[in-house]
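All remarks here apply to the structure that follows.
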Amino acid sequence: MASRDTSTPVAAHRTVRGRTFRRVVWWSLLALALCSVGVSLAVNAAASDIAVKDDSARGVSLARSVIAPLVDRAVRAGDRSAMGRLDAALASPLRDSALVRAKVWGQDDRIIWSDARELHGETFTLEPEEAALFGTDSVQATVSDLTKPENAHEQAFDQLLEVYAAARDADGVPILVESYWNTDSIVRDEIVISFRTVPLALGLLMLVLLTLAPVALSLARRVDTAQTDRIALLQHALDASDTERRRISRELHDGVIQDLTSLGYVLPAVQRHLPEDASPEMEVLQSLDERLKADIASLRGVLTDLYPVSLAREGLAAAVEQLAEPARSHGLTVTVEVQEELHTVSREATQLAYQVIREGLRNVVKHAAASTVRVCVLLDGDDIVVRVEDDGVGGPVLASGAGHLGLFLIEDSVTEMGGSFSVGPSASGGTRLVARFPKMFVWSWAR
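All residue numbers for the sequence shown refer to the working numbering, where the first residue is 170 and numbers rise by one.
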């Protein structure tokens with residue numbers, strides 16, 4: 170049996186309020202998380218730039234304050250004593266700092282001096298941007314390409330930062346000092362800067378969120394109130410519609426149908442009291458009796474449409490089987506497939522599914538000239554899907570209009586409930602009617 174949605178406006182209000190509150194909280198947390206990631210990336214990038222600039226400054230200081238004053242004509246000529254003074258001056262920085270290697274280049278692409286003695290006098294081709302530094306006050310810092318031939322002695326390291334600093338030696342000759350720095354110091358600087366900056370930035374973000382939280386919650390409460398009022402109005406409208414259908418059904422059953430049924434019992438009695446030669450009168454009474462029975466049957470059909478007893482008492486599956494009987498009496502083979510989980514569907518959705526199937530079967534009987542018809546009702550997520558498919562000659566398409574008012578009315582009902590409705594050709598060459606709509610009308614309307 171299809172269950173009825175008995176949720177009260179208060180319960181609906183609590184549910185909507187909780188849902189809106191959770192949505193505000195989740196969006197706030199998501200915004201905080203995204204901002205945190207963005208801030209962290211930005212801070213790390215800034216910290217990396219700062220660390221590189223620090224190493225660049227150290228490279229410039231080393232080149233112009235320590236190395237350049239000790240380079241002269243004797244060093245350029247390869248004098249061992251002059252070279253020794255450079256070795257002694259660089260021993261402490263190489264031992265105690267992040268400095269890994271130092272090289273002094275001449276304008277002829279020759280290494281004048283290096284702490285790696287085997288490089289003395291070696292010639293390698295400098296990159297154009299590096300060669301352009303000679304005679305300037307510029308500096309260039311990049312992650313070293315350790316695959317280059319001149320970096321063969323540094324390949325034991327995973328990664329190094331190389332700083333090219335232009336300078337002039339003791340004789341005023343332009344030289345280029347290349348220093349290699351361990352990137353561990355850069356990583357340490359990044360961590361230190363991040364630990365100092367990120368908490369402050371995140372704290373400010375949290376402060377902004379906490380400041381905006383009352384406003385967001387106030388807006389959420391207003392939205393909750395509006396949605397709750399709408400839910401209550403929709404539920405009242407559905408209840409009023411159901412009450413009115415019950416009232417009309419009761420009045421039809423207890424009033425007009427009972428009167429017409431009583432009249433149907435009277436007509437045969439009148440026929441029996443007519444003379445045997447009253448043939449015209451007998452024919453009129455017979456015609457009236459047939460017409461009366463047809464009208465009673467039609468009214469009972471309307472009564473069933475307004476309030477299908479089998480649907481309310483036994484559920485959709487039994488009601489659909491009952492709907493299939495007239496089609497079977499016309500020689501059609503009707504297959505009914507109703508998903509068991511449909512007990513979770515609201516009463517209004519069940520009634521609409523029933524109406525869609527009823528109208529679909531009527532059109533198959535009237536227009537399809539089919540031999541088989543398949544009725545399928547299933548759940549797809551939060552939607553209920555109804556299919557009526559036959560193997561006939563091809564039924565009416567909605568756009569064709571005339572004679573298919575019932576289909577238009579069903580389409581309007583489905584659309585009003587936030588669903589979709591279509592009639593088109595089936596794979597077997599017949600017609601397929603498909604309706605999809607929310608299984609819980611009130612909640613779908615209130616979104």
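From the three backbone atoms N, C-alpha and C, an ideal C-beta is built for every residue, glycine too. Small disclaimer: the values here were computed from a predicted structure and weren't measured.
C-alpha distance - residue i paired with residue j, whole-angstrom precision
i: V489; j: V525; result: 11 Å
i: I362; j: D224; result: 15 Å
i: V346; j: A216; result: 25 Å
i: L602; j: A406; result: 28 Å
i: A382; j: L376; result: 10 Å
i: A334; j: S209; result: 31 Å
i: R191; j: F606; result: 26 Å
i: P368; j: A237; result: 43 Å
i: S448; j: A463; result: 23 Å
i: F590; j: V557; result: 12 Å
i: R416; j: E580; result: 26 Å
i: D314; j: E291; result: 18 Å
i: D411; j: C545; result: 26 Å
i: M609; j: E517; result: 8 Å
i: V153; j: C204; result: As displayed, the chain neither begins before 170 nor continues past 616, which places residue 153 out of reach and without an answer.
i: P565; j: V206; result: Residue confidence for P565 is low, a pLDDT of 49 falling below 50, so the modelled location carries little weight and cannot support an answer.
i: Q152; j: R227; result: Residue 152 falls outside the range modelled here, since the chain spans only 170 to 616, and no answer is possible.
i: L475; j: L374; result: 59 Å
i: L480; j: L388; result: 42 Å
i: V244; j: A260; result: 17 Å
i: L329; j: K317; result: 13 Å
i: A486; j: A537; result: 24 Å
i: D306; j: A321; result: 28 Å
i: P297; j: K272; result: 18 Å
i: E299; j: Y349; result: 15 Å
i: S498; j: S540; result: 12 Å
i: H442; j: A493; result: 41 Å
Residues near residue i by beta carbon distance below 7 Å, same chain, minus five either side
i: Q427; result: none
i: V439; result: L454
i: L547; result: Q508, V554
i: T352; result: Q328, L329, L330
i: T311; result: E331
Neighbour-count burial assignment, residue i, 16 or more Cβ in a 10 Å radius
i: G372; result: exposed
i: T380; result: exposed
i: I360; result: exposed
i: E420; result: exposed
i: R264; result: exposed
i: T519; result: buried
i: T626; result: Because the chain in this structure spans residues 170 to 616, residue 626 falls outside the shown range and cannot be described.
i: Y434; result: exposed
i: A232; result: buried
i: G561; result: buried
i: W126; result: Here the chain covers residues 170 to 616 and nothing more, so residue 126 does not appear.
i: R460; result: exposed
i: Q396; result: buried
i: E445; result: exposed
i: D656; result: Any question about residue 656 goes unanswered here, given that the chain covers just 170 to 616.
i: D408; result: exposed
i: V471; result: exposed
i: W274; result: buried
i: S418; result: buried
Unbroken alpha helix (DSSP H) run spanning residue i, endpoints
i: T519; result: 516-532
i: T541; result: Per DSSP, T541 belongs to no alpha helix (DSSP H); it is in the beta strand (DSSP E), 541-549.
i: I236; result: Here I236 belongs to no alpha helix (DSSP H), and DSSP marks it neither H nor E.
i: L436; result: 426-441
i: P444; result: It is not in any alpha helix (DSSP H) - P444 carries neither H nor E in the DSSP assignment.
i: A335; result: Counting along the chain, A335 falls outside any alpha helix (DSSP H), though it belongs to the beta strand (DSSP E) covering 329-337.
i: R242; result: 242-245
Close beta carbons around residue i, own chain, < 6 Å, minus the five adjacent residues each side
i: V542; result: L501, V503, V533, D559
i: T366; result: V212
i: A385; result: V193
i: L578; result: none
i: P234; result: Contrary to the premise, residue 234 reads as Ser rather than Pro in this sequence. Nothing meets the Cβ criterion.
Beta strand (DSSP E) segment containing residue i, residue limits
i: Q309; result: 308-312
i: R497; result: First-last for R497: 485-498, but that is the alpha helix (DSSP H), not the beta strand (DSSP E).
i: D558; result: The residue asked about is misnamed: residue 558 is Glu in this sequence, not Asp. That run of the beta strand (DSSP E) goes 552-559.
i: T600; result: 600-607
i: P343; result: 343-351
i: E291; result: Taken as a continuous stretch (DSSP letters only), E291 belongs to no beta strand (DSSP E), as it is neither H nor E.
Chain-order list of residues whose beta-carbon lies under 8 Å from that of residue i (same chain, five-residue window excluded)
i: L468; result: L421, V425, I426, L429
i: T294; result: D278
i: L436; result: L454, L457, D458, L461
i: D241; result: A251, D338, A339, D340
i: I355; result: S217, A220, V221, D224, L330
i: S569; result: Reliability fails at S569, whose pLDDT of 47 lies under 50, so the model's placement of it is uncertain and no value is given.
Could you tell me whether the stretch 508-517 touches the stretch 525-535, using the rule of 3 or more Cβ pairs below 8 Å?
no
Are there three or more Cβ pairs, one per stretch, closer than 8 Å when the stretch 573-586 is compared with the stretch 545-554?
no
Would you say the stretch 283-296 touches the stretch 243-263, given that touching needs at least three Cβ pairs under 8 Å?
yes
Spell out a yes or no on whether the stretch 199-210 and the stretch 324-338 are touching, meaning 3 or more CB-CB pairs, one atom from each, closer than 8 Å.
no
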